[in-house]
Amino acid sequence: MSSDFDPLMPETFDSPHDEYRRLRAECPVAHSDAWGGFWALMKHADVAAVATDWQNFVTSRQNVVPKVAFTGRRPPLHLDPPEHTPYRRALAPLLSDRRVAALEPVIRRICRDLLATMRARGGGDVCADFSAHMPVAVFGHWMNLSEAAVVDLAEVGRRYNIAVQSNDVEGTRVASAALYEVACDVVRARRADPLAPETDATSALLAVRVDGAPLPEEMIVGTIRQVLVVGLIAPSVVIGAMAVHLSRDRALQSRLRADRSLVPAAVDEFLRLYTPYRGFARTALSDVCIGGRDIPAGEPIALVYASANRDEAVFERPDEFRLDRPNMAASLAFGRGPHMCVGAGLARLELTVALDELLSAAPGFALSGEPLPTRFPEIGALSVPIRFEQDA
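Residue 154 in the numbering used here sits at position 154 of the sequence shown, with consecutive numbering throughout.
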């Protein structure tokens with residue numbers, strides 16, 4: 001089969017969006033020969049339809065393109081309903097609006113401490129110095145990890161992210177195994193000394209009973225491993241992308257700095273513009289036809305959320321930043337269907353506080369070098385060098 005696009009081509013921060021605009025117009029159901037071959041859905045309607053049709057499109061075969069799962073299954077994303085439900089149900093109360101809101105002072109303190117170091121140096125790399133560290137510290141607090149465990153997680157998470165973004169298969173395999181060890185250590189510690197399930201994610205998973213039986217130990221470890229990775233990488237690349245955009249749009253940067261009440265709405269629009277995922281995958285259980293193209297059963301299908309959220313058929317002037325979009329609810333930034341991000345509330349709060357504090361760190365900031373983009377399965381910024389200005 002011919003290849004409609006090559007996800008391994010060199011990219012700039014902006015070039016994937018140019019390519020996806022072309023594919024939406026010319027080939028909205030695209031095929032690539034990369035990574036053994038996969039399909040990619042570019043249109044909002046197709047992505048939303050497949051994401052919600054869990055009976056016919058499953059995640060249990062392959063949940064991401066390229067396939068990076070080397071060590072075991074990781075609920076809830078690796079399981080289809082109803083098997084995935086007990087895992088989500090255990091985590092959901094710990095990610096309720098009330099529990100998330102209580103984390104705001106913690107997130108704000110973490111952001112201020114990291115940005116103070118950057119400010120003292122007059123700038124730095126938004127990702128390496130700020131956004132890569134903040135989610136680790138927040139998750140460490142949320143998961144009741146020791147300081148030593150947070151340090152370990154930060155280093156392992158950094159190595160994993162670099163390996164994935166570099167298409168380093170062996171490095172990804174090694175770092176993934178190390179992340180599993182972190183998750184195993186957490187589960188062992190909670191089994192020996194459990195905390196109240198309503199205050200601790202691992203203890204909540206250990207307390208779950210399905211037909212009187214506990215969840216399998218390897219599945220609990222896999223869940224913690226999944227939560228760690230999704231919670232670490234996505235916020236980092238979105239914060240980097242926001243910094244790039246605001247460095248380029250100084251009027252918007254000044255407007256948000258002057259009126260912080262606009263920051264939550266700005267975060268929603270940034271999430272639409274810079275949706276961090278393009279590789280979450282499904283597999284059709286039978287042969288299907290989407291957009292006039294026949295997709296055989298068993299072949300991976302990437303849901304390109306980053307393209308869907310810039311679909312001209314849904315969002316007017318989709319490449320522009322607009323605070324007043326009347327159909328923001330159509331955004332697929334956190335997915336759709338039974339696998340919609342269970343931690344969306346926490347992610348949105350992290351991004352809102354991070355943006356607020358970045359705006360407070362100096363009267364202005366600007367790029368001091370070219371941003372380095374991430375690669376499949378994420379999309380966004382891996383490195384964003386900036387300088388802080390004393391007079392905007």
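Every residue, glycine too, gets a C-beta built ideally from N, C-alpha and C.
Note that the structure is predicted; figures quoted are calculated from it, not measured.
With H, G and I counted as helix, E and B as strand and the rest as coil, what does DSSP make of residue i?
i: Asp6; result: coil
i: Val64; result: strand
i: Tyr277; result: strand
i: Thr199; result: coil
i: Asp14; result: coil
i: Gly364; result: strand
i: Gly123; result: strand
i: Leu372; result: strand
i: Glu378; result: strand
i: Arg325; result: coil
i: Ala392; result: Because the pLDDT at Ala392 is just 47, under 50, the model does not fix this residue reliably, and the value given afterwards should be weighed accordingly. The answer is coil: DSSP assigns Ala392 none of H, G, I, E or B.
i: Ser261; result: helix
i: Ala308; result: helix
i: Asp317; result: The question names Asp, but residue 317 is Arg in the sequence shown. Three-state result, Arg317: coil.
i: Val182; result: helix
i: Ser383; result: strand
i: Leu145; result: coil
i: Pro194; result: coil
i: Pro105; result: helix
i: Ala333; result: coil
i: Val208; result: coil
i: Pro214; result: strand
i: Val150; result: helix
i: Leu41; result: strand
In angstroms with no decimal places, state the Cα-to-Cα distance between residue i and residue j.
i: Val267; j: Thr117; result: 24 Å
i: Met143; j: Arg260; result: 30 Å
i: Ala330; j: Ala192; result: 45 Å
i: Val230; j: Tyr160; result: 12 Å
i: Thr52; j: Gly37; result: 23 Å
i: Asp4; j: Trp39; result: 10 Å
i: Gly380; j: Ser236; result: 9 Å
i: Val64; j: Pro377; result: 7 Å
i: Cys111; j: His44; result: 34 Å
i: Glu320; j: Gln390; result: 28 Å
i: Leu372; j: Val244; result: 10 Å
i: Ala148; j: Phe130; result: 19 Å
i: Arg317; j: Val288; result: 32 Å
i: Arg375; j: Asp168; result: 12 Å
i: Leu246; j: Ala297; result: 43 Å
i: Leu323; j: Ala265; result: 6 Å
i: Val100; j: Ser2; result: 47 Å
i: Arg88; j: Tyr274; result: 26 Å
i: Ile107; j: Thr283; result: 37 Å
i: Ile228; j: Ala333; result: The residue you asked about is not Ile; residue 228 is Leu in the sequence shown. Between Leu228 and Ala333, the C-alpha separation is close to 19 Å.
i: Ala132; j: Gln226; result: 17 Å
i: Gly123; j: Asp249; result: 18 Å
i: Ala302; j: Lys67; result: 11 Å
i: Ala258; j: Leu358; result: 13 Å
i: Leu23; j: Ala120; result: 44 Å
i: Ala213; j: Thr59; result: 24 Å
For residue i, report the span of its beta strand (DSSP E) as first-last.
i: Trp54; result: Run containing Trp54: none; DSSP gives neither H nor E here.
i: Val29; result: Val29 to Ser32
i: Cys289; result: Val288 to Ile290
i: Trp35; result: Taken as a continuous stretch (DSSP letters only), Trp35 belongs to no beta strand (DSSP E), as it is neither H nor E.
i: Leu303; result: Pro300 to Leu303
Do residue i and residue j have their CB atoms nearer than 7 Å?
i: Ser368; j: Arg348; result: no
i: Asp412; j: Ser383; result: Summary: the structure shown does not reach residue 412, with the chain confined to residues 1 through 392, and so no result is reported for it.
i: Ala90; j: Val182; result: no
i: Met134; j: Ser307; result: no
i: Ile239; j: Ala163; result: no
i: Leu346; j: Ala201; result: no
i: Leu153; j: Val174; result: no
i: Ala281; j: Gln62; result: yes
i: Ala92; j: Val342; result: yes
i: Arg272; j: Asn309; result: yes
i: Pro393; j: Ala204; result: Residue numbering for the chain in the displayed model covers 1 to 392; residue 393 lies beyond these limits and cannot be assessed.
i: Pro338; j: Pro86; result: no
i: Pro7; j: Ala34; result: yes
i: Thr172; j: Val263; result: no
i: Leu232; j: Gly279; result: no
i: Pro276; j: Ala234; result: yes
i: Val47; j: Phe57; result: no
State the start and end residues of the unbroken alpha helix (DSSP H) segment that holds residue i.
i: Pro235; result: Glu217 to Arg248
i: Asp294; result: First-last for Asp294: Arg293 to Ile295, but that is the beta strand (DSSP E), not the alpha helix (DSSP H).
i: Asp129; result: Per DSSP, Asp129 belongs to no alpha helix (DSSP H) and is neither H nor E.
i: Leu91; result: Thr85 to Leu91
Should residue i be counted as a contact of the ligand ZN given a C-beta to heavy atom distance under 6 Å?
i: His17; result: Annotation note on the ligand ZN: not contained in the displayed structure, which lists no ligands.
* Is the segment 284-300 in contact with the segment 18-35, if contact means three or more CB pairs nearer than 8 Å? -> yes
* Asked: Three or more C-beta pairs closer than 8 Å, one from the segment 355-362 and one from the segment 219-230: is that the case here?
  -> no
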